[in-house]
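Asker: Take a look at this one; I'll ask things after.
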Amino acid sequence: MAMVGDAISHAVLPGIVLAFLISGSRGNLPMLIGASIIGVLTTVIIELLHKKAKLQEDASIGVTFTWLFALGVILISAYTGQIDLDQECVLYGEIAYVPLDTLTVGGNSIGPRALWISGSVIVLILLALWRGYKGLVLTTFNADYAQALGISTAFWHFGFMGLVSLTTVVSFESVGAILVVALLITPPAAAYLLTDSLKKMLWLTALLGVLTAIGGYYLALVLDGSIAGAMATVAGILFAGAWGWSKLLKRLSFKSANLT
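Note that the sequence shown covers residues 10 to 269 in the numbering used here.
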């Protein structure tokens, strides 16, 4: 399931192309709508292949995102050959250009558009976690018990996947699919090595994400290299540090237990 974000970030490509073909515009709103629709559709197809076709979940993810991404590449090559609509912008993004694309209200610039969009998504996700924390925890870690209580696990699953899809879609324009996947997976994986408490894991994940962004930016500044690449590198370094620290704590606790 960790790779669903990767699947969505690739699978939204046909949604972007279809949005352009239907609207005739490369405006942000049509692209966002098209990508969001395909992003949610991706999660539905994955679930259908897993539940109805009895495919393993990893196979369902692999089949879905490769097929949709290939469809997007075909649509680009067949119908947008003369248009500056490149699939690489979805994969790599460019954070350095974010300050140049500002949101204007009443003739005044109020800051980078990507910052306002991603900020709105953060608020939405925080509200969803606040209102649905118990439901998400129960259906994720004890689905059978949740079903016995009459709770719709499908509702919570698709709601959660919808949030993942929305996060991925609004992020890849700025940072690209590769960094989106790195930030979706690596900070929580590192936090999981450091604590057994889910609430602490959520806070640690946010902290590690912030450290990844700040550390990656300054690493790119020093190396005069890719910002996205530097951030993904720092995420890997932090994960390695968390893994080493968890191993050290286990050894210390094992020695302490033997001494007692």
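A virtual CB, placed ideally from N, CA and C, is assigned to each residue, including glycine.
These numbers were taken from a predicted model, which means no experiment stands behind them.
Identify the continuous beta strand (DSSP E) that holds Thr-73 and give its terminal residues.
Answerer: On the sequence shown, residue 73 is found 64 positions in, with the first residue counted as 1. Looking at the DSSP string, Thr-73 is not in any beta strand (DSSP E); the run it does join, the alpha helix (DSSP H), is 66 to 88.
Asker: Put Gly-120 into one of helix, strand or coil per three-state DSSP.
Answerer: The residue you call residue 120 lines up with position 111 of the sequence shown. Correct three-state label for Gly-120: strand.
Asker: Do you know how far the Cα of Ile-25 is from the Cα of Ile-31?
Answerer: Residue mapping note: residue 31 aligns to position 22 of the sequence shown, counting from 1. Residue mapping note: residue 25 aligns to position 16 of the sequence shown, counting from 1. Straight-line Cα distance between these residues: approximately 10 Å.
Asker: Just to confirm my understanding: we take Ala-229, look at its own chain, exclude 5 residues before and 5 after, and list those with CB closer than 6 Å. What are they?
Answerer: Indexing the sequence shown from 1 puts residue 229 at position 220. So the qualifying residues of the chain are Ile-236, Ala-239.
Asker: Could you check if Phe-263 is buried or exposed, using at least 16 other CB atoms within 10 Å of its CB as the buried criterion?
Answerer: Here the question's residue 263 lines up with position 254 in the sequence shown. Exposed: under 16 other Cβ atoms inside 10 Å.
Asker: Can you give me the C-alpha to C-alpha distance between Leu-124 and Val-179, rounded to a whole angstrom?
Answerer: Taking the first residue of the sequence shown as 1, we reach residue 124 at position 115. Taking the first residue of the sequence shown as 1, we reach residue 179 at position 170. About 10 Å.
Asker: My output table needs one value for Val-114: the three-state DSSP class, helix, strand or coil.
Answerer: Sequence index remark: in the sequence shown, residue 114 carries index 105 (1-based). In the structure shown, Val-114 sits in a strand (DSSP, three-state: E or B).
Asker: Let me make sure I understand the geometry here. Which of Gly-116, Asp-67, Leu-211, Pro-196 has the alpha-carbon closest to that of Ile-134?
Answerer: Numbered from 1 along the sequence shown, position 125 holds the residue referred to as residue 134. Nearest option by C-alpha distance: Leu-211.
Asker: Taking the alpha carbon of Tyr-227 as the point to measure from, which residue in Val-243, Thr-214, Ala-215 has its own alpha carbon closest?
Answerer: Reading the sequence shown from its first residue, position 218 is the one you call residue 227. Selected option, being the one with the closest Cα: Val-243.
Asker: Tell me which residues share the same chain as Ala-198 and place their Cβ nearer than 7 Å to its Cβ, disregarding the 5 neighbours each side in the sequence.
Answerer: To locate residue 198, count along the sequence shown from 1; it is residue 189. Same-chain partners within the cutoff: Phe-248.
Asker: Can you tell me where the alpha helix (DSSP H) holding Thr-214 begins and where it ends?
Answerer: Residue numbering aside, residue 214 sits at position 205 when the sequence shown is read from its first letter. Segment 207 to 232, the alpha helix (DSSP H) holding Thr-214.
Asker: Where are the alpha helix (DSSP H) runs, 4 residues long or more, that stay fully inside the stretch 131 to 193, in chain order?
Answerer: Segments of the alpha helix (DSSP H) lying fully in the stretch 131 to 193: 152 to 157.
Asker: Output the boundary residues of the alpha helix (DSSP H) element that contains Ile-17.
Answerer: The residue labelled residue 17 in the question sits at position 8 within the sequence shown. 13 to 20 is the extent of the alpha helix (DSSP H) around Ile-17.
Asker: Within a Cβ cutoff of 6 Å, which residues of the same chain sit near Ser-118, ignoring the five residues on either side of it in sequence?
Answerer: By 1-based counting over the sequence shown, the position of residue 118 is 109. Cβ within range, chain order: Thr-111.
Asker: For His-166, I'd like the list of residues in its chain whose CB is within less than 8 Å of its CB, leaving aside the five on either flank, ordered along the chain.
Answerer: Taking the sequence shown and counting its residues from 1, one reaches residue 166 at position 157. Within the same chain, His-166 has close Cβ partners Glu-56, Thr-148.
Asker: Could you tell me how far apart the beta carbons of Pro-196 and Gly-225 are, in whole angstroms, since I believe they sit closer than 8 Å?
Answerer: Here residue 196 is taken as the residue at index 187 of the sequence shown, counted from 1. Here residue 225 is taken as the residue at index 216 of the sequence shown, counted from 1. With 8 Å as the limit, Pro-196 and Gly-225 do not qualify as a contact, their Cβ atoms being about 12 Å apart.
Asker: Buried or exposed for Ser-86, please, with buried defined as at least 16 other CB atoms from any protein chain shown within 10 angstroms of its CB.
Answerer: The count along the sequence shown starts at 1 and reaches residue 86 at position 77. It is exposed - the Cβ of Ser-86 has fewer than 16 other Cβ atoms within 10 Å.
Asker: Where Asp-5 and Thr-113 are concerned, what is the direct C-alpha to C-alpha distance, given to the nearest angstrom?
Answerer: The structure shown does not extend to residue 5, since the chain is modelled only from 10 through 269, so no value can be given for it.
Asker: Classify Gly-185: buried if its beta carbon has 16 or more other beta carbons within 10 angstroms, exposed otherwise.
Answerer: Start at 1 with the first residue of the sequence shown, and residue 185 comes out as number 176. That one is buried.
Asker: Is Ala-28 buried or exposed, if buried means 16 or more other CB atoms sit within 10 Å of its CB?
Answerer: Mapped onto the sequence shown, residue 28 falls at position 19. By the neighbour-count rule (16 or more Cβ atoms within 10 Å), Ala-28 is buried.
Asker: Measuring straight from C-alpha to C-alpha, what distance separates Gly-115 and Gly-253?
Answerer: Translated into the one-based positions of the sequence shown, residue 115 becomes position 106. Translated into the one-based positions of the sequence shown, residue 253 becomes position 244. So the alpha carbons of these two residues sit roughly 52 Å apart.
Asker: Nearest-angstrom Cα distance between Leu-202 and Ala-215?
Answerer: Taking the sequence shown and counting its residues from 1, one reaches residue 202 at position 193. Taking the sequence shown and counting its residues from 1, one reaches residue 215 at position 206. So the alpha carbons of these two residues sit roughly 15 Å apart.
Asker: Where Leu-22 and Gly-250 are concerned, what is the direct C-alpha to C-alpha distance, given to the nearest angstrom?
Answerer: Taking the sequence shown and counting its residues from 1, the one referred to as residue 22 is at position 13. Taking the sequence shown and counting its residues from 1, the one referred to as residue 250 is at position 241. C-alpha separation (whole angstroms): 35 Å.
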